[in-house]
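These protein sequences, in sequence, are chains C and X.
In terms of our numbering, the first sequence opens at residue 1 and continues consecutively.
In terms of our numbering, the second sequence opens at residue 1 and continues consecutively.
Every residue gets a Cβ at the ideal spot worked out from N, C-alpha and C, and that includes glycine.
These numbers were taken from a predicted model, which means no experiment stands behind them.
One structure below.
There are 2 protein chains.
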Amino acid sequence: MRLAGVRRMTVLIAIVSATNWAFAAATETCVACHGEAGISSNSVWPNIGGQKREYLVLQLKAFKTGKRTDVLMSPIAKMLSDSEIEELAEYYANLKGAQ
Amino acid sequence: MRLAGVRRMTVLIAIVSATNWAFAAATETCVACHGEAGISSNSVWPNIGGQKREYLVLQLKAFKTGKRTDVLMSPIAKMLSDSEIEELAEYYANLKGAQ
């Protein structure tokens, strides 16, 4: 009984770790162009910190499906699951915009 | 001589007024969706206050040429001259982003 509980806990920790790892990997890709705080390092890449959540979801999905195209964003968006897109949009929408 | 000077001044004022009017008309269109301060009134329209200048220019030109499409933005961008696009991008880039 105790062993079963430990196993369940181990599975739970593994799932949470995998989720966090995937999210960390995804944000690391974003950060390369859009910066740690969602403020981009050059003028042709958009700031995404403080951007509207639904807008971010729609644009990532547009890049994923090919409705919108960009040499950098298209291949990146194609690697994201819908739930990762939701998580990333939530994350960046909750940061502050440029001052 | 004095009359010629007055005429030049009148022409100059007329040009400046026409330019301001065109810019005011353009921003009024933007404001309807993107807000007075470039912060949109709903979650599917992007905040553009504090957005990168060059990014705004590129996106407006993409909507104008059809590289990027949107039911609202495409027809609006097609009405903008390249200099209006530059002015609008400069204006919104100098506002603050969402807090």
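Can you grab the Cα-Cα spacing for the pair residue 97 of chain C / residue 29 of chain C, in whole Å? 19 Å
Please determine, among C:51, C:66 and C:44, the residue with the shortest C-alpha to C-alpha distance to residue 38 of chain C. C:51
Please decide whether residue 47 of chain C counts as near chain X, where near means a Cβ-Cβ distance under 8 Å. yes
Does DSSP put residue 57 of chain C in a helix, a strand or coil? helix
Cutoff 6 Å; reference residue 60 of chain X; Cβ partners in own chain excluding five residues on either side: 77 and 85
Tell whether a beta-carbon distance below 8 Å holds between residue 58 of chain X and residue 44 of chain C. yes
Which term fits residue 81 of chain X, buried or exposed, when burial requires 16 or more other beta carbons within 10 angstroms of its beta carbon? exposed
Contact check, residue 62 of chain C vs residue 68 of chain C under 8 Å by CB: the rounded distance? 4 Å
Can you find a CB in chain X that lies within less than 8 Å of the CB of residue 58 of chain C? yes
Contact set for residue 48 of chain X: own chain, Cβ-Cβ below 7 Å, skip 5 residues either direction: 34, 38, 56 and 92
So, helix, strand or coil for residue 70 of chain X, using DSSP? coil
Under 7 Å by beta carbon: chain C residues contacting residue 54 of chain X: 43 and 44
Please return the same chain residues whose Cβ sits closer than 6 Å to the Cβ of residue 89 of chain C, not counting the five positions on each side in sequence. 53, 56 and 57
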